[in-house]
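Per the working numbering, the very first residue in the sequence shown carries number 40; after that it's consecutive. Think of the CB as a built atom: it goes at the ideal place given N, C-alpha and C, for glycine as much as any other residue. Written out below as structure tokens is the structure these notes cover.
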Amino acid sequence: MKLIKIGTDLPGPSAGRYLEAAKRYEPRSMSDQVPLVWKRAWRCYVEDVDGNVFLDFSSGVLVANVGHSHPKLVEEIRDQADKVINSYDFVNQYRPLLAQKLVEITPGNLDKAFILTTGSETTEAAIKLARRYTGRYEVVAFQGAFHGRTYGALSLGGKRSGAATKGFGPFLPGVVLAPFAFCYRCVFDKEYPGCGTYCIDYLDWLVETETEGDIAALITETYQGGAGSIIPPKEWMQKLEAWCREREILFIVDEVQASFGRTGKMFGFEHYDVRPNLLCLGKGITSTVPLSALVGESRIMDVLTPGTMSSTHGGNAFCSRIALKNIEIIQEEGLVENAARVGGFMMQRLKEMEERYEVLGQVRGLGLVIGLEIVKSKRTKEPHVDLAKEIVLQCYRKGLLMIAPIGFYGNVLRIAPPLVITEEEAGTGLDVLEEVLRECSG
Numbered sequence: 040m041k042l043i044k045i046g047t048d049l050p051g052p053s054a055g056r057y058l059e060a061a062k063r064y065e066p067r068s069m070s071d072q073v074p075l076v077w078k079r080a081w082r083c084y085v086e087d088v089d090g091n092v093f094l095d096f097s098s099g100v101l102v103a104n105v106g107h108s109h110p111k112l113v114e115e116i117r118d119q120a121d122k123v124i125n126s127y128d129f130v131n132q133y134r135p136l137l138a139q140k141l142v143e144i145t146p147g148n149l150d151k152a153f154i155l156t157t158g159s160e161t162t163e164a165a166i167k168l169a170r171r172y173t174g175r176y177e178v179v180a181f182q183g184a185f186h187g188r189t190y191g192a193l194s195l196g197g198k199r200s201g202a203a204t205k206g207f208g209p210f211l212p213g214v215v216l217a218p219f220a221f222c223y224r225c226v227f228d229k230e231y232p233g234c235g236t237y238c239i240d241y242l243d244w245l246v247e248t249e250t251e252g253d254i255a256a257l258i259t260e261t262y263q264g265g266a267g268s269i270i271p272p273k274e275w276m277q278k279l280e281a282w283c284r285e286r287e288i289l290f291i292v293d294e295v296q297a298s299f300g301r302t303g304k305m306f307g308f309e310h311y312d313v314r315p316n317l318l319c320l321g322k323g324i325t326s327t328v329p330l331s332a333l334v335g336e337s338r339i340m341d342v343l344t345p346g347t348m349s350s351t352h353g354g355n356a357f358c359s360r361i362a363l364k365n366i367e368i369i370q371e372e373g374l375v376e377n378a379a380r381v382g383g384f385m386m387q388r389l390k391e392m393e394e395r396y397e398v399l400g401q402v403r404g405l406g407l408v409i410g411l412e413i414v415k416s417k418r419t420k421e422p423h424v425d426l427a428k429e430i431v432l433q434c435y436r437k438g439l440l441m442i443a444p445i446g447f448y449g450n451v452l453r454i455a456p457p458l459v460i461t462e463e464e465a466g467t468g469l470d471v472l473e474e475v476l477r478e479c480s481g
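This is the structure we're talking about:
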């Protein structure tokens with residue numbers, strides 16, 4: 040089954056007016072993707088305004104977990120739009136049921152859910168709650184982390200000289216950044232497992248020298264998404280949790296990019312056998328409309344009095360109903376299991392490519408989120424930014440859609456198709472990718 044269809048030059052003749060309007064009226068910050076004008080999308084396919092059909096390896100940046108325009112979600116959207124959409128903090132029929140569902144499918148220590156709108160809101164709320172609950176103000180976060188684009192969320196990581204953060208400072212006081220377990224490019228020039236997870240031991244020195252010892256929380260992603268789909272060792276994550284417990288520091292896990300089946304488990308942290316005190320969720324929670332959630336322990340969540348934290352559109356009936364149906368689809372259609380199965384198939388093929396192509400420095404991933412390090416040489420690991428951009432562009436021209444390269448240096452390709460993708464469809468996409476790798480590195 041090959042539904043890729045490219046019938047015009049790209050971008051096509053009808054796309055011009057939309058691309059020109061975007062260039063004229065939108066800020067340049069939104070212009071880093073290939074020049075594709077979406078018209079409609081279904082399952083793991085996208086059709087542009089010229090009738091060209093692309094295989095989607097982006098999921099609209101990790102959103103469309105159940106696939107684009109899932110018929111059951113479309114039906115829910117149509118039905119609810121005719122009833123009620125927003126009710127602010129007034130209780131509606133679906134918000135408390137969604138909170139209940141999230142409590143039911145997360146670990147037993149998490150017994151309250153705060154329904155919001157964006158991933159950034161969840162990390163902002165988590166830090167506010169941690170500070171209020173502990174009475175302390177400092178936060179340990181990680182270099183390269185991405186927790187959102189609002190001011191507090193931006194303060195919790197990133198690359199200070201990077202385009203997403205440069206010129207926006209000074210940032211939130213009390214945040215100290217530690218090195219993440221990026222073993223491929225270890226900042227300490229060590230190798231795992233022989234290093235004994237030195238980066239965990241380093242945390243004590245960092246806290247002693249860079250903080251007042253007034254630490255409320257530590258926040259980490261399950262895997263670092265924006266930094267290049269960096270998957271830390273299980274041992275590191277478990278030691279990180281233990282480090283927090285020993286010091287009575289709240290352990291916050293940001294799963295906005297990792298939850299609802301994306302990694303081959305319902306929640307990414309399940310790969311590590313850890314239990315967060317606060318859990319940030321978003322993106323694939325609806326596969327469509329904007330909704331996020333902060334799930335946590337009631338002892339922390341109930342520290343705020345009524346009216347002290349809310350969200351204008353958070354938990355509206357429309358989005359809450361869609362989220363409930365989305366979770367039902369993930370469970371009933373076995374999409375978690377499919378992500379694990381197809382992800383394993385893709386990893387095997389990509390690992391074989393890694394052996395064949397000098398420019399493919401490392402393949403890493405969990406389930407259906409995979410990162411490909413594009414380098415000039417396997418020996419030096421020097422990032423090949425221009426080649427990464429060219430690969431994405433050439434894949435687009437052949438009908439395979441990926442987002443712009445990510446990572447510290449902008450040299451990592453992210454593969455993240457909808458969880459409904461079949462092995463055959465995944466294989467078709469990898470055929471295109473390998474053809475482009477062969478042509479570009481030849």
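Using a 10 Å radius around the Cβ and a threshold of 16 neighbouring Cβ atoms, would you call residue i buried or exposed?
| i | result |
| --- | --- |
| residue 52 | exposed |
| residue 406 | buried |
| residue 349 | exposed |
| residue 110 | exposed |
| residue 113 | exposed |
| residue 337 | exposed |
| residue 212 | exposed |
| residue 359 | buried |
Identify every residue that forms a DSSP beta bridge with residue i.
| i | result |
| --- | --- |
| residue 412 | 401, 451 |
| residue 107 | 82 |
| residue 259 | 292 |
| residue 44 | 92 |
| residue 422 | 414 |
| residue 445 | 451 |
| residue 440 | 95 |
Is it true that the CB of residue j sits closer than 8 Å to the CB of residue i?
| i | j | result |
| --- | --- | --- |
| residue 253 | residue 176 | yes |
| residue 93 | residue 267 | no |
| residue 453 | residue 460 | no |
| residue 219 | residue 135 | no |
| residue 325 | residue 355 | no |
| residue 164 | residue 432 | no |
| residue 278 | residue 236 | yes |
| residue 47 | residue 329 | no |
| residue 402 | residue 300 | no |
| residue 223 | residue 412 | yes |
| residue 242 | residue 282 | yes |
| residue 258 | residue 189 | no |
| residue 396 | residue 472 | no |
Taking the straight line between their C-alpha atoms, what separation do you get for residue i and residue j?
| i | j | result |
| --- | --- | --- |
| residue 154 | residue 417 | 45 Å |
| residue 464 | residue 70 | 28 Å |
| residue 186 | residue 321 | 11 Å |
| residue 327 | residue 245 | 40 Å |
| residue 239 | residue 290 | 14 Å |
| residue 373 | residue 415 | 40 Å |
| residue 54 | residue 97 | 20 Å |
| residue 208 | residue 168 | 23 Å |
| residue 123 | residue 129 | 12 Å |
| residue 40 | residue 468 | Residue placement at residue 40 cannot be trusted, given a pLDDT of 49 that sits under 50; what the coordinates show is reported in the next sentence. C-alpha separation (whole angstroms): 12 Å. |
| residue 87 | residue 341 | 47 Å |
| residue 142 | residue 214 | 29 Å |
| residue 42 | residue 385 | 19 Å |
| residue 105 | residue 210 | 36 Å |
| residue 79 | residue 85 | 6 Å |
| residue 202 | residue 45 | 33 Å |
| residue 4 | residue 72 | In this structure the chain extends from 40 to 481, so residue 4 is not present and cannot be described. |
Using 7 Å as the cut-off, classify the Cβ of residue i as near or not near the heavy atoms of the ligand ATP, replying yes or no.
| i | result |
| --- | --- |
| residue 461 | Within the structure as shown, the ligand ATP is missing, as the structure has no ligands at all. |
What are the start and end residues of each continuous beta strand (DSSP E) run of 3 or more residues lying completely inside the stretch 318-349, in chain order? Scanning the stretch 318-349 from its first residue to its last, the whole beta strand (DSSP E) runs of 3-plus residues come out as 331-335.
Can you list the beta strand (DSSP E) stretches of 3 or more residues lying completely in the stretch 52-88, in chain order? Qualifying beta strand (DSSP E) stretches, in chain order: 77-81, 84-87.
Unbroken stretches of the alpha helix (DSSP H), 4 residues or longer, contained in the stretch 142-183: 158-173
Would you list, in sequence order, the uninterrupted alpha helix (DSSP H) runs of no fewer than 4 residues that lie entirely inside the stretch 187-247? 190-193
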